[in-house]
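**Student:** Numbers in the numbering used here are just positions in the sequence shown, counted from 1, shifted up by 194.
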Amino acid sequence: MFETIRNAWKVADLRKKLLYTIGMIIIFRLGSAIPVPMLNPDVMGEALKATENSLLGFMNVISGGAFENTTIFAMSITPYINASIIMQLLCVAIPALERLQKEGEEGRKKIAQIQRAATIVLALIQAIGLYFMLDRTFHAVTNPGWGAAVVIVTTFVAGTAFLMWLGEQITEKGVGNGISLIIFAGIVSGGPAMAMSLWTRMSSGNTWDIVSTILLLVIALVVIAFIVAMHDAERRINVQYAKRVVGRKMYGGQSTHIPIKVASAGVMPIIFAMSIMSFPGTIASFCGVQAGDQGFWGTFLTYLTPTSWVYAIAYFFLIIFFTYFYTAIQFNPIEMANNIKKNGGAIPGLRAGKDTSDFINRVLSKITLAGAIFLAIIAVIPIFMNIALDINNFAIGGTSLIIVVGVALETVNQLESQMLMRHYKGFLE
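1) Where DSSP assigns a beta bridge to residue 435, which residues make up the other side?
2) When you compare only the Cα positions, how much space is there between residue 389 and residue 395?
3) If we call anything under 8 Å between Cβ atoms a contact, is residue 460 one with residue 368?
4) Measure how close the beta-carbons of residue 233 and residue 344 come, nearest whole angstrom, since I'm counting them as under 8 Å.
5) Closest to residue 511 by C-alpha separation, out of 568, 523, 492 and 529, would be which residue?
6) Between which residues of its own chain and residue 622 is the CB-CB distance below 7 Å, once the five residues before and five after are set aside?
7) Per DSSP, what are the beta-bridge partners of residue 451 in this structure?
8) Could you check whether the segment 391-405 touches the segment 258-272, counting it as contact only if at least three pairs of C-beta atoms, one from each stretch, sit closer than 8 Å?
9) Flag this pair as yes or no: are the beta carbons of residue 215 and residue 606 separated by less than 8 Å?
10) Just curious, the alpha helix (DSSP H) that residue 282 is in, first and last residue?
11) Are the Cβ atoms of residue 421 and residue 554 separated by less than 8 Å?
12) Tell me whether residue 611 is buried or exposed, calling it buried when 16 or more other Cβ atoms sit within 10 Å of its Cβ.
13) Going by beta-carbon coordinates alone, are residue 295 and residue 302 separated by less than 8 Å?
14) Could you give the residue range of the alpha helix (DSSP H) that holds residue 386?
15) Per the DSSP calculation, residue 338 is bridged to which residue(s)?
16) For the putative contact between residue 434 and residue 542, defined by C-beta atoms under 8 Å, what is the C-beta separation to the nearest angstrom?
17) Let me know the secondary structure DSSP gives residue 500 once reduced to three states.
18) Taking C-beta to C-beta, are residue 565 and residue 457 nearer than 8 Å?
19) Could you tell me whether the Cβ atoms of residue 332 and residue 238 are closer together than 8 Å?
20) Taking the Cβ atom as the reference point for each residue, do residue 546 and residue 513 lie within a distance shorter than 8 Å?
21) May I ask you to list the residues that DSSP assigns as paired with residue 517?
22) Per DSSP, which one or two residues make a beta bridge with residue 265?
23) Anyone know if the C-beta pair for residue 358 and residue 228 falls short of 8 Å?
24) Nearest by alpha-carbon distance to residue 414: which of 209, 217, 235 and 574 is it?
25) Determine the contact status of residue 383 and residue 223, defining contact as a CB-CB distance below 8 Å.
26) Do residue 430 and residue 561 have their C-beta atoms within less than 8 Å of each other?
27) If you compare alpha carbons, which of 328, 452 and 576 is closest to residue 507?
The following block contains the structure:
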């Protein structure tokens, strides 16, 4: 990975992209230190310490501590993620949006505009709920009233809108997926605090604390090794191209392959699943209901905390669902079969057209199932370990670790692809 970054740094164009990405991430981290006016951050910090493994705790982790410190980026990029999920579901359910998606660059631009508008609407709803939670549940608003509400809500919405723009700029002009890198930066910024927490546990002198922490670190290393191994695993479908004579030249005749990665969906299913799982708890928290409270909603939220078995099971199946869903958006077997046929290719032993698309679909289904189960198991291991070892915040920290490793690998892969593209371009010129 470091070798790839060092080689990319030697290419002027990629160096500019890397510097641009780093600059944008620095802006994000600086913004995470700007407090929202009329809010008391000390009250929020104390409240989150009492609910380390709550869904609000995870919201704080991905925002890089901005939620705990009630800064302008407190809501992070979660409204954008929710809007993205909604838009992708609507593109499948509504034929007009599906047609728009297939119209090429112009269609994608229109869908992006709709998604931006949906993000602002969701951010407004979340900001209003967050204001009521800060005021009524945590009493963090220093001077409650309409004036404070307008200022605080507007600041939260503006912060999310700015992060959305920041992510899009990184994707367009930098390296990697901007939204994923913002989440990555937020999680990594909390790494020193997590390391200090583990060190304090190791230094406590308690034998069980020392053993459980060592076991935790070993499991974390094993999880990272599995993620790296599965990230590069792929199934190759061989394709043979027929020879063609054009003028005096002969084209084709070579054999190639279509690589289908086991983990083609990356970490997006985990991010989507976490966003869905956090939604009911976040809404309930905004209404002043907390896990452990009396009544139906208090009990319901208790089952939805990241330390419960119910949460782990629901999280497991949501990851599998979103892996299939995200893969279905990325790969279209019929379109792939048509492209192979159009270019004079064929999969050995299969007829072009329906037989080819059916074969690709079968392979894709098997690979996706393996990848989905692997991703789901890796994601729930930290939750079960948290229940067994009783280590505060490990359920959240484990999921964060998976996201960090996944985003890092995807970004390095994109760097390698861009370097390879420039290598061939220079060769052809």
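In this text, a Cβ means the ideal position worked out from N, Cα and C, and glycines have one as well.
**Tutor:** Reading off the structure:
1) 539
2) 10 Å
3) no
4) Contact flag wrong, Cβ pair sits at about 14 Å.
5) Looking from the CA of residue 511, the closest CA among 568, 523, 492 and 529 belongs to 568.
6) At residue 622, the pLDDT of 42 sits below 50, so the modelled position is not reliable and the matter cannot be decided from this model.
7) Residue pairing from DSSP places residue 451 in a beta bridge opposite 432.
8) no
9) It is not a contact, given that the beta carbons lie outside the stated cut-off.
10) For residue 282, the uninterrupted alpha helix (DSSP H) run begins and ends at 272-287, by DSSP.
11) no
12) Per the 10 Å Cβ criterion, exposed.
13) Judged by beta-carbon spacing, residue 302 lies within the 8 Å limit of residue 295, meaning their Cβ atoms are closer than that value.
14) Unbroken alpha helix (DSSP H) run through residue 386: 385-396.
15) DSSP output for residue 338 lists no bridge partner at all.
16) 6 Å
17) Secondary structure of residue 500 (DSSP, three-state): coil.
18) yes
19) yes
20) Taking 8 Å as the Cβ cut-off, residue 546 and residue 513 do not qualify as a contacting pair.
21) Paired residues: none, contrary to the question.
22) Partner(s): 229.
23) no
24) 574
25) yes
26) no
27) 576
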